[in-house]
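Enquirer: Quick one: structure below, then a few questions.
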Amino acid sequence: MEVNQAAAKLRAQLADPDQIIVCPGVQDGLSARVCLHKGFKNLYMTGAGTSISLLGQPDLGLTPVTDMIRNASMIASLDRSVPLIADADTGFGGPLMVSRTVESYILAGVAALHLEDQVLTKRCGHLGGKEIVDIETFVSRIRAAHEARKRLRSEIVLIARSDALSATLFSSSSPEIGTEEEETKEEKQERGFQEAVKRLKSAVQAGADVAFFEGLQTRDQMRRVVGEMAPTPCLLNMVPGGVTPLISAREAKEMGFKIVIWPCFAMTAAYLAYQRAADELLCTGEIKEPEDRRGGVKEIFEVCGLSECVEFDKLVGGSAFRNGV
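Basically the numbering used here = 1-based index in the sequence shown + 772.
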């Protein structure tokens, strides 16, 4: 059996009726270290952030599975007691590839992952022009993930994500998700909503533990999806500048959500800080030290485990740091 204490802890959190799981989105080692240092009990590895931080590319399905696994493994290893929920996109292929992806995430120590119903050339859920696969293909992805989990006897939590609310069914004449010109915007929204619920319920029957309805556009839709999916726990995605209204963890809990992720919060903060620092250096030729003297290189090293590394070396009889650091 592949023992994963973080996955077991996440399952216990999901089972606690009084708890809501708030996950800051992290894209690299520093963002993860800061969140751990601040005391967050769960982390979320953002696929968009991984693409941007590792490749400098937008979230358009450009990140290969190897990069996603490597990033997830690194973040999960920083503190094995803290559950990491990780984006697994579409699973990166057919059922065999989905199975291999899930096994790799399990071995990386990830506590939960989510798989979506977009086509392989996917994009951020808060961009337009999304296309989704048929429901049979989506369910096969979830079933492949569930079988991989059973094969490794893992407790990893499987999260099913649907983008059907505002997507087009790829290469199909099915009337379920068409774009009939005579439909009103409200009618299209309702049809997409019902399709997403249908897909998520089918995914739960295939082995998913949590439902992730992407791209919710109103508070009413938020409340409805929790009711429609009960008793399955639901995940809410909070993206500043996206299509979903931003609400607090308290309000999300009142609506009945069990998990709230903020995938872009660290990436946005880093982007703005880089902009300010770049402007200062470009315009003045220097970076002035902050008045509170925070943010020096030694402080950053400490957040990333400098003292722990020195102590470990000393504990096992090493002498690499006998003259200090």
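Idealized CB from N, CA, C, for every residue including glycine.
Going by DSSP, what residue range makes up the alpha helix (DSSP H) through V1075?
Expert: That run of the alpha helix (DSSP H) goes 1069-1075.
Enquirer: Hey, how far is the Cα of V1075 from the Cα of V806?
Expert: Those two C-alpha atoms are separated by around 7 Å.
Enquirer: Counting C-beta neighbours from all protein chains within 10 Å, is the total for A1092 16 or more, i.e. buried, or is it exposed?
Expert: Its Cβ having fewer than 16 others within 10 Å, A1092 is exposed.
Enquirer: Would you grab the beta carbon distance between A930 and R921 for me? Rounded to a whole angstrom, and I think it's under 8 Å.
Expert: Reading the sequence as shown, one finds Leu at residue 930 and not Ala. Contact holds; Cβ gap of about 7 Å.
Enquirer: What three-state label does DSSP hand G801 in the structure shown?
Expert: Three-state DSSP puts G801 in a helix.
Enquirer: Hey, which unbroken runs of the alpha helix (DSSP H) at 4 residues or more fall wholly within the segment 811-839?
Expert: Counting whole runs of 4 or more residues, the segment 811-839 contains the alpha helix (DSSP H) stretches 819-822.
Enquirer: Where does the unbroken alpha helix (DSSP H) through V1082 begin, and where does it stop?
Expert: Taken as a continuous stretch (DSSP letters only), the alpha helix (DSSP H) holding V1082 covers 1078-1087.
Enquirer: Comparing alpha-carbon positions, which option in A917, L899, P1012 lies nearest F864?
Expert: Among A917, L899, P1012, the Cα nearest to that of F864 belongs to A917.
Enquirer: Could you compute how far the alpha carbon of D851 sits from the alpha carbon of Y877?
Expert: D851 and Y877: Cα-Cα distance of roughly 16 Å.
Enquirer: Under 8 Å between the Cβ atoms of V976 and F985?
Expert: Contact: no.
Enquirer: Three-state secondary structure (DSSP) at V969?
Expert: V969: helix per DSSP, three-state reduction.
Enquirer: Tell me whether T835 is buried or exposed, calling it buried when 16 or more other Cβ atoms sit within 10 Å of its Cβ.
Expert: With 16 or more other Cβ atoms within 10 Å, it is buried.
Enquirer: Mind checking whether S934 and R971 have CB atoms under 8 Å apart?
Expert: Contact flag set, yes.
Enquirer: Opposite I793 in the DSSP bridges: which residues?
Expert: Paired residues: I1031.
Enquirer: Go through its chain and collect everything with a Cβ distance to R995's Cβ below 7 Å, but skip five positions before and after it.
Expert: The residues are M1027.
Enquirer: Starting from the Cα of M1001, find the closest Cα among L899, F965, R895 and give me that residue.
Expert: When each option's Cα is compared against that of M1001, the closest is F965.
Enquirer: Could you tell me whether the Cβ atoms of G797 and S849 are closer together than 8 Å?
Expert: No. Outside cutoff.
Enquirer: Among E967, S912, A932, S926, whose alpha-carbon lies nearest the alpha-carbon of S938?
Expert: For S938, the nearest C-alpha among the options comes from E967.
Enquirer: Going by DSSP, what residues sit across from L984 in a beta bridge?
Expert: Checking the sequence, you will find Phe at residue 984 rather than Leu. For F984, which the question treats as bridged, DSSP gives the partners R933, L1007.
Enquirer: Would you say Q799 and T818 are within 8 Å of each other, going by their C-beta atoms?
Expert: A contact, by the Cβ cut-off of 8 Å.
Enquirer: Looking at the secondary structure, which residues open and close the beta strand (DSSP E) in which E888 lies?
Expert: Its beta strand (DSSP E) spans residues 884-888.
Enquirer: Spatial neighbours of G900 within its chain, please: CB distance less than 8 Å, with the 5 preceding and 5 following residues excluded, ordered by chain position.
Expert: These residues qualify, in order along the chain: S938.
Enquirer: Please return the same chain residues whose Cβ sits closer than 7 Å to the Cβ of T822, not counting the five positions on each side in sequence.
Expert: Within the same chain, T822 has close Cβ partners Q799, T835, D839, M840, N843.
Enquirer: Which class does I1059 belong to by DSSP, given the choice of helix, strand or coil?
Expert: Three-state DSSP puts I1059 in coil, outside helix and strand.
Enquirer: Three-state secondary structure (DSSP) at I857?
Expert: Reduced to three states, the DSSP call for I857 is strand.
Enquirer: Could you tell me the alpha carbon to alpha carbon distance between N1095 and K1086, rounded to whole angstroms?
Expert: Cα to Cα, N1095 sits roughly 12 Å from K1086.
Enquirer: If we require 4 or more residues per run, which alpha helix (DSSP H) segments fall completely within the segment 867-913?
Expert: Runs of the alpha helix (DSSP H) inside the segment 867-913: 867-879.
Enquirer: Cutting at 7 Å between CB atoms, please list the residues of its own chain near L808, excluding the five before and the five after it.
Expert: So the qualifying residues of the chain are L850, D851, V854.
Enquirer: Exposed or buried, which one is V1088 when buried takes at least 16 other CB atoms within 10 Å?
Expert: Under this definition V1088 is an exposed residue.
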